[in-house]
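Position 8 of the sequence shown, counting from 1, maps to 550 under the working numbering, and the rest follow consecutively.
First up is the structure itself, then whatever we jot down about it.
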Amino acid sequence: MAGFVEQLWDSIFTPGPTPSLLIATNVTFACLQVVLFVLLIATYSVHFVVLSIISGGLWWAINWFAAELNAAKAREEAEKTRSERRPARQGTEDSETEVETTVSRSNPKLGSKEIEPVEQVGDLKHRVEEHLSETKSEAKSTASTEDEWEKVSENEKDK
Numbered sequence: 543m544a545g546f547v548e549q550l551w552d553s554i555f556t557p558g559p560t561p562s563l564l565i566a567t568n569v570t571f572a573c574l575q576v577v578l579f580v581l582l583i584a585t586y587s588v589h590f591v592v593l594s595i596i597s598g599g600l601w602w603a604i605n606w607f608a609a610e611l612n613a614a615k616a617r618e619e620a621e622k623t624r625s626e627r628r629p630a631r632q633g634t635e636d637s638e639t640e641v642e643t644t645v646s647r648s649n650p651k652l653g654s655k656e657i658e659p660v661e662q663v664g665d666l667k668h669r670v671e672e673h674l675s676e677t678k679s680e681a682k683s684t685a686s687t688e689d690e691w692e693k694v695s696e697n698e699k700d701k
């Protein structure tokens, strides 16, 4: 008996349903059912029938949940052993890596027709200058938007 109590105490701090914890739960619910039955016989009150049904449902739900946890744990371990047995393959069809291919001008049968190479025109510094001028124009447009909001808020204050 002392060994069971020690196992029960340790199972409280162990994640998941342990056998000693399930045994203690089932014994406790069985005793509760016996007490509710004795009270029903002694008082003939319908309340004890209802309480017995509620506690029976809870008892069943706890055991069902513990069984589902054990089944999920077994499935997880089976998947883990299956993945360890399988050799690691790289570059499979299930890979989420996207690879872009270009159409060869000399041999159009090779590569994808969806993606065509884009030729870069101009020197690098001209492209950088174009990019900088585009970002400056964006900054100007946001400033004008802020001015518009200020005008709207001034008009609302006047009303």
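For every residue, glycine included, the Cβ atom is placed at its ideal position computed from N, Cα and C.
**Prompt:** Grouping DSSP H, G and I as helix and E and B as strand, with all else coil, what is GLY598?
**Reply:** The sequence position of residue 598 within the sequence shown is 56, counting from 1. Helix, per DSSP.
**Prompt:** Hey, quick one: how far does the alpha helix (DSSP H) through PRO559 stretch, first residue to last?
**Reply:** Locating residue 559 in the sequence shown gives position 17, where the first residue counts as 1. That residue, PRO559, is in no alpha helix (DSSP H); it is neither H nor E in DSSP.
**Asked** Going along the chain, which residues of its own chain have a beta-carbon closer than 7 Å to the beta-carbon of LEU564, five neighbours each way excluded?
**Response** In the sequence shown, residue 564 corresponds to position 22, counting from 1. Within the same chain, ALA608 come within 7 Å of LEU564 by CB-CB distance, once the 5 residues on both sides are set aside.
**Item:** Segment contact, 8 Å Cβ cut-off, at least three pairs: the stretch 589-601 with the stretch 561-577
**Value:** Output reads yes: the stretch 561-577 touches the stretch 589-601.
**Prompt:** Does the distance from the CB of LEU582 to the CB of SER597 come in under 9 Å?
**Reply:** Here residue 582 refers to the residue found at position 40 when the sequence shown is read from its first residue. Here residue 597 refers to the residue found at position 55 when the sequence shown is read from its first residue. No, Cβ-Cβ distance for LEU582 and SER597 is not below 9 Å.
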